[in-house]
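Novice: Chains as they are written, first to last, in the numbering used here: chain Z, 1 to 113; chain W, 1001 to 1112.
For glycine and all other residues, C-beta sits at the position ideal for the given N, C-alpha and C.
Quick caveat, the model's predicted, so the values are computed rather than measured.
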Amino acid sequence: ETGVTQSPTHLIKTRGQQVTLRCSSQSGHNTVSWYQQALGQGPQFIFQYYREEENGRGNFPPRFSGLQFPNYSSELNVNALELDDSALYLCASSRGQVNTEAFFGQGTRLTVV
Amino acid sequence: QKEVEQNSGPLSVPEGAIASLNCTYSDRGSQSFFWYRQYSGKSPELIMSIYSNGDKEDGRFTAQLNKASQYVSLLIRDSQPSDSATYLCAIADGTSYGKLTFGQGTILTVHP
Chain Z
1 ETGVTQSPTH LIKTRGQQVT LRCSSQSGHN TVSWYQQALG QGPQFIFQYY REEENGRGNF
61 PPRFSGLQFP NYSSELNVNA LELDDSALYL CASSRGQVNT EAFFGQGTRL TVV
Chain W
1001 QKEVEQNSGP LSVPEGAIAS LNCTYSDRGS QSFFWYRQYS GKSPELIMSI YSNGDKEDGR
1061 FTAQLNKASQ YVSLLIRDSQ PSDSATYLCA IADGTSYGKL TFGQGTILTV HP
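(1) Would the stretch 1052-1065 of chain W count as touching the stretch 1003-1016 of chain W if we require 3 or more Cβ pairs under 8 Å?
(2) Is Leu1011 of chain W close to chain Z, meaning its C-beta is less than 7 Å from at least one C-beta of that chain?
(3) Tell me the DSSP secondary structure of Pro1010 of chain W in three-state form.
(4) Starting from Thr31 of chain Z, trace the beta strand (DSSP E) both ways and give me its first and last residue.
(5) Please tell me whether Gly28 of chain Z has its Cβ less than 7 Å away from any Cβ of chain W.
(6) Cβ atoms of Gln68 of chain Z and Glu52 of chain Z: under 7 Å apart, would you say?
(7) To the nearest whole angstrom, what separates the beta carbons of Ser1026 of chain W and Gln1070 of chain W, a pair I think is in contact under 8 Å?
(8) Check distances from the C-beta atoms of the stretch 41-72 of chain Z to those of chain W and list, in chain order, the residues that come in under 8 Å.
(9) Can you tell me where the beta strand (DSSP E) with Glu1057 of chain W in it begins and where it stops?
(10) Check the Cβ-Cβ distances between Leu1088 of chain W and every residue of chain Z, and say whether any is below 7 Å.
(11) For Gly107 of chain Z, I'd like the list of residues in its chain whose CB is within less than 7 Å of its CB, leaving aside the five on either flank, ordered along the chain.
(12) If you drop the 5 nearest sequence neighbours on each side, which residues of the same chain put their C-beta closer than 6 Å to that of Asn1022 of chain W?
(13) Taking the beta carbon of Ser1052 of chain W as the centre, do at least 16 other beta carbons fall within 10 Å, making it buried, or is it exposed?
(14) Mapping the DSSP letters down to three states, classify Ser1043 of chain W as helix, strand or coil.
(15) For Gly16 of chain Z and Tyr1097 of chain W, I'd like the C-alpha separation in whole angstroms.
(16) Is any beta-carbon of chain Z found at less than 7 Å from that of Gly1105 of chain W?
(17) Considering only the beta carbon of each residue, do Ala1068 of chain W and Phe1034 of chain W sit closer than 7 Å?
(18) Along the chain, where does the beta strand (DSSP E) that runs through Tyr50 of chain Z open and close?
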């Protein structure tokens, strides 16, 4: 167990809806990153939050947005869901931003129908 | 050219053998290198990190890094059926934020 918890574990949404995924970081970690993992692929970086600010973003459209709270927990919001958004969404927490080990939560399996 | 490329699988080895997993990367500025293990339906689990050239050993696992050749590998000695999983190579480029770029993963099967 990494101490990183995500909720919910599974979710089914309809195309066009909005979804919020949540992540609690490991104790002592101040940085949270979100990844999307399609079936059979490696995780793809969505963005990172450090001290409540977005600190880097991958190649994802603006309908993917997030927040980090003072306790370092984080949310990932996806608007206008598309079928291709169906994936495993992973949250990783780390101590610091750069060159530190990142530990993943159990993930949220999102299915868009 | 993919940024991080892993040897194509699946890789099948007998129990007790050495499994060798390889990864090449394109960004010479890469600073940190990680190996994750992912069981089917689960999230990635960090098993090794390596930051400087050479070998790093942890139990049955040895990570090897050669920055000049842009190559990182993971050796698993005395492979066990419980090692059967997808192994993901992940690299951080050392920029102002710790984005990890993953390879596509190599599926390892250890058969009794």
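Specialist: Let me spell this out:
(1) no
(2) By one-based count along the second sequence, residue 1011 of chain W stands at place 11. Leu1011 of chain W does not count as touching chain Z.
(3) Residue 1010 of chain W sits at position 10 when you count from the first residue of the second sequence. Pro1010 of chain W: coil per DSSP, three-state reduction.
(4) Here residue 31 of chain Z corresponds to residue number 31 of the first sequence, with the count starting at 1. Element bounds for Thr31 of chain Z: 31-37.
(5) Locating residue 28 of chain Z in the first sequence gives position 28, counting from the first residue. Closer than 7 Å: no.
(6) Reading the first sequence from its first residue, position 52 is the one you call residue 52 of chain Z. Reading the first sequence from its first residue, position 68 is the one you call residue 68 of chain Z. Result yes, Cβ atoms of Glu52 of chain Z and Gln68 of chain Z sit closer than 7 Å.
(7) The residue given as residue 1026 of chain W occupies position 26 in the second sequence. The residue given as residue 1070 of chain W occupies position 70 in the second sequence. Right, their Cβ atoms sit about 7 Å apart.
(8) Gln41, Gly42, Pro43, Gln44, Phe45, Gln48, Tyr50, Asn55, Gly56, Gly58
(9) Position 57 of the second sequence, counted from the start, is the residue given in the question as residue 1057 of chain W. That run of the beta strand (DSSP E) goes 1054-1058.
(10) Residue mapping note: residue 1088 of chain W aligns to position 88 of the second sequence, counting from 1. True, the Cβ-Cβ gap to chain Z drops below 7 Å.
(11) For the purposes of this step, residue 107 of chain Z is identified with residue 107 of the first sequence, where counting begins at 1. Cβ within range, chain order: Gln6, Leu88, Tyr89, Leu90.
(12) For this step, residue 1022 of chain W is matched to residue 22 along the second sequence. The residues are Asn1007, Ser1073.
(13) By one-based count along the second sequence, residue 1052 of chain W stands at place 52. It counts as exposed.
(14) Here the question's residue 1043 of chain W lines up with position 43 in the second sequence. It is coil, neither helix nor strand.
(15) Taking the first residue of the first sequence as 1, we reach residue 16 of chain Z at position 16. Taking the first residue of the second sequence as 1, we reach residue 1097 of chain W at position 97. Cα-Cα distance, rounded: 31 Å.
(16) Looking up residue 1105 of chain W in the second sequence gives position 105. It does: the Cβ of Gly1105 of chain W has a partner Cβ on chain Z nearer than 7 Å.
(17) Within the second sequence, numbered from 1, the residue matching residue 1068 of chain W stands at position 68. Within the second sequence, numbered from 1, the residue matching residue 1034 of chain W stands at position 34. No, the pair does not count as a contact, with Cβ atoms beyond the cut-off.
(18) Taking the first residue of the first sequence as position 1, residue 50 of chain Z is located at position 50. Note, Tyr50 of chain Z: beta strand (DSSP E), 44-50.
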